[in-house]
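Quick note, my numbering runs 23 ahead of the 1-based positions in the sequence shown.
Heads up: the structure comes next, in structure tokens.
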Amino acid sequence: LERSRPLERYFRDVRSGLANPPIEGRALEQIASSVLD
């Protein structure tokens with residue numbers, strides 16, 4: 024893949040997302056748990 028092409032950027036974004044999953048769901052679980060306790 025060439026760095027100048029959008030497909031290469033999308034590929035990098037997907038790969039980084041797999042290695043660093045979003046933590047929003049986990050953060051919301053912890054906040055809800057602390058509120059309910």
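Glycine included, each C-beta is placed from N, C-alpha and C at the ideal position.
Given the structure is predicted, the values throughout are model-derived calculations rather than measurements.
Endpoints, alpha helix (DSSP H) assigned at Ile54: Position 31 of the sequence shown, counting from 1, holds the residue named residue 54. That run of the alpha helix (DSSP H) goes 47-59.
Out of curiosity, what's the CA-to-CA distance linking Arg26 and Gly48? Here residue 26 corresponds to residue number 3 of the sequence shown, with the count starting at 1. Here residue 48 corresponds to residue number 25 of the sequence shown, with the count starting at 1. Their backbone Cα atoms lie some 32 Å apart in a straight line.
Backbone secondary structure at Glu31 - three-state DSSP: In the sequence shown, residue 31 corresponds to position 8, counting from 1. Correct three-state label for Glu31: helix.
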